[in-house]
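Just below is one structure, and these are the notes that go with it.
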Amino acid sequence: MKKLNLILVLALLFTSTLFAQKTFTLSSKDMGGEATKTQEFGGFGCSGDNQSPQLSWKNAPEGTKSFAITMYDPDAPTGSGFWHWIVFDIPANTKELVTNAGNMQLNLAPKEAIQSITDYGIKGFGGPCPPKGHGFHQYIITVYALKTDKLGLDENTNPAIVGFNLWNQTLAKASIVAYYKR
């Protein structure tokens, strides 16, 4: 009986390992479940460092020709949320954006990548800055695996138009969510 149980356990482990699928995954070394003053915006009444987090992804689907990244706050009191970061035309061989790649002056993002305007009206990363006393806001950072190498948009394209084009070109997407309040 013990021998049979051992065989069943080994068979179960083998089949679950054999048939387990590798999913498209996004992670960050800098940010877990909460954003910090490091990511907080430096403006609009906030005094953070406005540093975009390191992001890495793996297991993109076959056929991926480029990537895009967005950061969105659905809890902003605007009626339509708030776009904090829009990056697209990231080459398919890229698997990471380093810490502070959203700072346009540092040129840390891949040179082909385009960082378009956010709802702050700036290009590049604009960190969390929820109204004081408004409670926790969620910041959804998403990486998109795209079926095109270029979206055909430029750095002045607004978030809604970028989003529409992402929707049309997405093969897969993966997200992490961080919370922040002031």
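Counting with mature numbering (1 follows the signal peptide of the UniProt record, and there is no 0), you get residues -20 to -1, 1 to 162 for the letters of the sequence shown.
For every residue, glycine included, the Cβ atom is placed at its ideal position computed from N, Cα and C.
Only a predicted model underlies this, so the values are computations on that prediction, with no experimental measurement involved.
One alpha carbon belongs to residue 19, the other to residue 95, and they sit about 17 Å apart. Of the residues assessed, residue 62 falls on the buried side of the cut-off, its CB having 16 or more other CB atoms within 10 angstroms. In the DSSP assignment, residue 70 falls within the unbroken beta strand (DSSP E) covering 62 to 71. Within 10 angstroms of the beta-carbon of residue 69 lie 16 or more other beta-carbons, which makes it buried. Beta-bridge analysis with DSSP links residue 157 to 120. Between the alpha carbons of residue 115 and residue 56 lies a gap of roughly 11 Å. In this chain, the alpha helix (DSSP H) harbouring residue 146 covers 139 to 149. For residue 5, the enclosing beta strand (DSSP E) stretches over residues 5 to 7. Bridge pairing for residue 48: 124 [DSSP]. Between the C-alpha atoms of residue 146 and residue 133 there is a straight-line separation of about 11 Å. For residue 38, the enclosing beta strand (DSSP E) begins and ends at 35 to 38. Nearest in C-alpha terms to residue 36, of all of 53, 97, 106 and 155, is 155.
The Cβ atoms of residue 17 and residue 25 do not sit closer than 7 Å to each other. Annotated three-state conformation of residue 85 is helix, per DSSP. Under the three-state reduction of DSSP output, residue 10 falls in the coil class, being neither helix nor strand. In this structure, the CA atom of residue 123 is about 24 Å from the CA atom of residue 58. Using a Cβ distance threshold of 7 Å, residue 15 and residue 119 count as a contacting pair.
Straight-line measurement puts the Cα of residue 160 at about 7 Å from the Cα of residue 108.
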